[in-house]
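The first sequence begins at 3 in our numbering and counts up by one.
Quick reminder that beta carbons are idealized off the backbone N, C-alpha and C, glycines included.
These numbers were taken from a predicted model, which means no experiment stands behind them.
Notes follow the structure.
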Amino acid sequence: MPELPEVETIRRGLLAGDACTPSLIGQRVCAVSILWERTVAYPSLQEFANLIQGTVVSEINRKGKFLLITVDERFVIFHLRMSGDLRMRRESDEPSQHDRLILHFCSGWKLTFTDTRKFGRVWLTPDPQTVIGKLGPEPLAAELTNEIFHEMLLARSRQLKPLLMDQSFLAGLGNIYTDESLFTAGLHPLRVSSTLTKKESSDLLAAIRLVLAKGILEHGSSIDWVYRGGNFQNHFQVYQRAGESCLRCGAPIQKFRVGQRGTHICPVCQPERG
DNA sequence: CACGAGACCTGTTCGC
DNA sequence: TGCGAACAGGTCTCGT
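Right under this line is the structure:
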């Protein structure tokens, strides 16, 4: 599920709650269940359980694909990786087969971290920088200007797709939103970052922001068996559309591998040479 | 520094 | 129908 728009959707849901679910804010932790030990990246299982006990949730923030939940003077930081999901459930609700960690609240609700593939991780730390300190800038932040972004691209000599997916370069893009952004910008995934003109660079940043904003507006993408109610999958221009017609020019969408990741382009709209 | 391969995991889909 | 291979929204580590 989770790239920036999906994590942001989860954050907003936990923050606001809905008709059937309370907000995560204000919940007091009365116990924790750790069902897959490797889920806890830091500290030890024992310390994690001891330190979180009795704390109260006061804030939910996001940086890139990380979700930061403030509990008293510390932060519970989740990374959902490939298949993680977070939701509020009643204590009386049936446990899910893939629950990996559960925060039990005094209110009778619980926050369940469900993660089929077990790649997801959680940290509990007083200093978030130890976990998210190496992340690049938020693509949606106003401080990231066209000039800065162009300089960032010129400072590297890397293929655009792996560079955009590098979280230390830019925080939040994954496979789907990278492919969609490159298509929107009309740039080939293998273009070398240092060759981009000022215009191409600002077009790319605008494309990234447009695609991410649409993704958030549609509550993220719901693919395969993991369904959260997002709708962005119905707006894909190239992702998962190999062989289908480009919605802009009609040429068949191509799929190939870039750095072990399935990559989708329109060969006409995204020529190899700029 | 840049890049590819392998590892970490489970579940679904595809090809024979 | 059955079975193995390939593939999936991510990231880390290692070798070249």
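Inset, instruction - Go ahead and label Gln131 buried or exposed: buried means 16 or more other beta carbons lie within 10 angstroms of its beta carbon, across all protein chains shown. - result: exposed
Inset, instruction - Would you mind reading off the limits of the alpha helix (DSSP H) that contains His152? - result: Asn148 to Leu156
Legend entry - Pairwise C-alpha distance: Lys163 and Arg30: 42 Å
Legend entry - Sheet register partners of Leu198 (DSSP bridge): Answer by DSSP bridge pairing: none, since Leu198 is not bridged.
Inset, instruction - Using the Cα positions of Ser35 and Leu105, report the straight-line distance between them to the nearest angstrom. - result: 7 Å
Legend entry - Where the beta strand (DSSP E) through Met90 begins and ends: Gly86 to Arg92
Inset, instruction - Sort Lys65, Ile27 and Ile267 by Cα distance to Pro191 and report the nearest one. - result: Ile267
Inset, instruction - For Val58, name the three-state secondary structure that DSSP assigns. - result: strand
Inset, instruction - List the whole-angstrom C-beta distance separating Asp101 from Leu37, where the pair is believed to meet the contact cut-off of C-beta under 8 Å. - result: 6 Å
Legend entry - Segment limits, beta strand (DSSP E) that includes Ala21: Where Ala21 is concerned, there is no enclosing beta strand (DSSP E), given that its DSSP letter is neither H nor E.
Inset, instruction - Using three-state DSSP, classify Pro45 as helix, strand or coil. - result: coil
Inset, instruction - Tell me whether Thr147 is buried or exposed, calling it buried when 16 or more other Cβ atoms sit within 10 Å of its Cβ. - result: exposed
Legend entry - Val58 and Val78 closer than 8 Å at C-beta: no
Legend entry - Distance CB(Gly232)-CB(Gly245) smaller than 8 Å: no
Inset, instruction - Out of Arg91, Lys257 and Leu126, state which residue places its alpha-carbon closest to the alpha-carbon of Trp111. - result: Arg91
Inset, instruction - Report the option in Pro269, Arg259 and Thr265 whose CA atom is closest to the CA atom of Arg2. - result: With the chain covering 3 to 276 only, the question about residue 2 has no answer from this structure.
Legend entry - Proximity to Asp205 [Cα-Cα], best of Ser195, Arg263, Val194 and Thr186: Thr186
Inset, instruction - Compare the beta carbon distance of Glu140 and Lys67 with 8 Å and say whether it is the shorter of the two. - result: no
Legend entry - Alpha-carbon spacing of Thr11 relative to Ile218, whole angstroms: 6 Å
Legend entry - Cα-Cα separation between Gln272 and Leu184, rounded to whole angstroms: 8 Å
Legend entry - Rounded C-alpha distance that separates Glu49 from Cys108: 20 Å
Inset, instruction - Report the rounded CA-to-CA distance for Ile255 versus Glu96, giving the unit in angstroms. - result: 43 Å
Legend entry - Cβ shell of His237 (< 8 Å), same chain only, five flanking positions each side left out: Lys216 and Glu220
Legend entry - One or two residues paired with Lys65 in a DSSP bridge: Phe68
Legend entry - Limits of the unbroken beta strand (DSSP E) element including Phe115: Trp111 to Asp117
Legend entry - Buried/exposed call for Gly261, threshold 16 Cβ in 10 Å: exposed
Legend entry - Coil, strand or helix - Gly188 by DSSP: coil
Inset, instruction - Could you tell me if Gly174 is buried or exposed, where buried requires 16 or more neighbouring beta carbons within 10 angstroms of its beta carbon? - result: buried
Legend entry - Close Cβ partners of Ala209 (< 7 Å) along its chain, the five nearest in sequence each way excluded: Ser183, Thr186 and Ala187
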